[in-house]
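Counting from 1 along the sequence shown, just add 4 to a position and that's the residue number in my numbering.
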Amino acid sequence: MLIKTFNDFNDHLLRDHKPSDYFNDLVQNHKYPKYPPFDRLLSLKDIHQSPIHHPEGNVWNHTMLVIDYAAKYKAYSSNKKVFMWGALLHDIGKFSTTKVRRGKITAYGHDKVGELMTLKFLVDITDDVTFIRAVSKLVRWHMQPLYVEKKLPFANLAAMKEETSPYEIGLLSICDRLGRIDIADNEKIKNELQRMTLFLDQCYDTVHNKKDHESIQQLINKLYLLHE
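Given below as structure tokens:
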């Protein structure tokens with residue numbers, strides 16, 4: 005049962021242009037699996053987010069938007085399966101970290117907690133250690149572009165680069181940022197892609213390597229064309 009469900013999820017994540025349709029149909033038709041570990045994802049419907057930063061509503065809604073963008077961008081990932089599962093599980097840590105502090109909804113540390121929850125989620129259904137580790141590291145480091153941009157103390161590019169690809173993190177971050185209802189017009193999309201450029205430039209120190217910067221810019225241009 006677990007393996008079949010995992011394979012079904014995996015097939016739709018990799019093949020569908022809009023995988024959220026599959027997952028939402030399961031929920032609406034009362035066919036979404038209610039057994040572990042898949043029930044942990046469904047529980048995200050009950051986790052609210054800041055309406056300022058997430059007008060799309062709960063974490064489930066956000067995740068569905070993110071996997072749809074990930075489906076659009078997955079062709080540019082070095083490992084589509086890892087990338088799509090990283091997108092699906094990227095905010096699973098919000099289940100246990102979301103709290104109301106001084107009237108604001110926060111989920112501090114959800115990236116670190118999410119890494120552990122992702123490990124537990126995947127180890128229950130697959131023995132592919134390389135896959136499990138790769139997905140968990142995407143979840144662990146998916147907030148780094150924001151931390152770097154805001155110059156927060158949680159930024160740690162050196163540690164991130166030892167465990168995962170900055171490029172994959174940047175690609176997932178774009179999906180994360182675009183996965184909100186208020187992101188719609190091309191100008192906002194262009195701004196998010198520019199944020200990825202700045203993040204990758206810093207990761208690869210392109211001030212001293214113009215060739216890398218040109219390669220990054222070429223990629224950003226290709227991603228932008230997907231929205232034309």
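Glycine included, each C-beta is placed from N, C-alpha and C at the ideal position.
Helix, strand or coil at residue i [DSSP, three-state]
| i | result |
| --- | --- |
| residue 130 | coil |
| residue 44 | helix |
| residue 7 | helix |
| residue 105 | strand |
| residue 168 | coil |
| residue 174 | helix |
| residue 36 | coil |
| residue 121 | helix |
Residue j beta carbon less than 8 angstroms from that of residue i
| i | j | result |
| --- | --- | --- |
| residue 74 | residue 179 | yes |
| residue 119 | residue 143 | yes |
| residue 78 | residue 88 | yes |
| residue 197 | residue 227 | yes |
| residue 23 | residue 17 | yes |
| residue 90 | residue 115 | no |
| residue 56 | residue 102 | no |
Bounding residues of the beta strand (DSSP E) (the contiguous stretch that carries residue i)
| i | result |
| --- | --- |
| residue 78 | Run containing residue 78: none; DSSP gives neither H nor E here. |
Through-space distance from residue j to residue i, alpha-carbon basis
| i | j | result |
| --- | --- | --- |
| residue 39 | residue 46 | 10 angstroms |
| residue 160 | residue 33 | 43 angstroms |
| residue 231 | residue 70 | 15 angstroms |
| residue 169 | residue 136 | 15 angstroms |
| residue 62 | residue 172 | 25 angstroms |
| residue 13 | residue 20 | 10 angstroms |
Residue from the options whose Cα sits closest to the Cα of residue i
| i | options | result |
| --- | --- | --- |
| residue 86 | 139, 209 and 132 | 139 |
| residue 82 | 222, 231 and 175 | 175 |
| residue 113 | 123, 90, 192 and 151 | 151 |
| residue 193 | 219, 164 and 224 | 224 |
| residue 127 | 48, 41, 195 and 56 | 41 |
| residue 244 | 165, 121 and 148 | Because the chain in this structure spans residues 5 to 232, residue 244 falls outside the shown range and cannot be described. |
| residue 26 | 68, 48 and 62 | 68 |
| residue 43 | 116, 6, 62 and 22 | 6 |
| residue 191 | 229, 165 and 154 | 229 |
| residue 108 | 131, 53 and 61 | 53 |
| residue 123 | 94, 189 and 65 | 94 |
N-terminal and C-terminal residue of the alpha helix (DSSP H) that residue i is part of
| i | result |
| --- | --- |
| residue 112 | First-last for residue 112: undefined, no H or E at that position. |
| residue 83 | First-last for residue 83: undefined, no H or E at that position. |
| residue 196 | 190 to 208 |
| residue 153 | 148 to 153 |
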